[in-house]
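J.: Its first residue numbered 1, the sequence shown is counted upward by one per residue in UniProt numbering.
My questions all concern the structure below.
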Amino acid sequence: MYAADFRWWAIVLHYAYSIPCEQVGRIFGVSGRVSRWFKKFKCNGHVEPGKQPKNSRHSEEFVSFVSSYVAEHPCFYVEELHEELKQRFGHNMKGVSATSLLRLLRFELSLTRKVLKRRAREAVPQEIECFVVKMNKLYSYPEQLVFIDETSKNGMDAMRRYTWSRKGERAVARSPFARGNRVSIMAACDPRASCLGVQLVVPSLG
């Protein structure tokens, strides 16, 4: 029998920090139990056998503040929300923990944590098909081919990858569109996986 706190920490790692259940299970040494605990949490907000959902013990002001905070800071971490609540409500924070906040977010505000996805505009299926047709006319043997790829980093890469939003709604986070300086690395290799060259492009500061 695993203690409630033990189960809750496993749920917090998976639900609040998006660590896969399998990895959490290896960390805690509980194999596939984390998935079952998480299913129970999604059903009634508890991780212990026989526990049933309870009515909210938070005031309307408390819930309203959390809802407003989520709307303004959708990419928040649970610790950040907890600190804001301590500053706002002070001595009335007794019994408010990461686990109770997760129940509030999931069941009272119907929020889920989702991945913010950015899809490359260049990756259009029709353009890929046209490229394959063109290459088929020119291709004779593998040694003809040289593969070039580029990776880069700018200010947008510092954005958080997860956000909270209501169930059934798209995850949207608004942030200043400031890319900053872009640093690129371009590499080329042949079908034998031989590296033919690497180029680092750093913008001048002048």
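Beta carbons are placed, not taken as given, at the ideal position from N, Cα and C, and that holds for glycine.
Predicted model only: the values in this text are computed from it and were never measured.
Determine contact between the stretch 27 to 37 and the stretch 1 to 12, defined as no fewer than three beta-carbon pairs at a distance below 8 Å.
T.: yes
J.: Leaving out five residues before and five after Tyr2 in sequence, what residues of the same chain have Cβ atoms less than 8 Å from its Cβ?
T.: Answer for Tyr2: Val30 and Arg33, listed in chain order.
J.: Going by beta-carbon coordinates alone, are Tyr15 and Arg166 separated by less than 8 Å?
T.: no
J.: From Glu79 to Lys137, what distance separates their C-alpha atoms?
T.: 58 Å
J.: On the three-pair Cβ rule with 8 Å, is the stretch 89 to 99 touching the stretch 137 to 150?
T.: no
J.: Report buried or exposed for Arg26, applying the criterion of at least 16 other Cβ atoms within 10 angstroms of its Cβ.
T.: exposed
J.: Taking 7 Å as the cut-off, is the beta-carbon of Ile11 closer than that to any non-hydrogen atom of the ligand HEM?
T.: Ligands are entirely absent from the displayed structure, and the ligand HEM is therefore not among its contents.
J.: Considering Cα atoms alone, identify which of Pro191, Ala187, Ser110 and Val198 is closest to Val66.
T.: Of the listed residues, the one whose Cα sits closest to Val66 is Ser110.
J.: Roughly how many whole angstroms lie between the Cα atoms of Tyr77 and Ser100?
T.: Distance between the alpha carbons of Tyr77 and Ser100 is about 14 Å.
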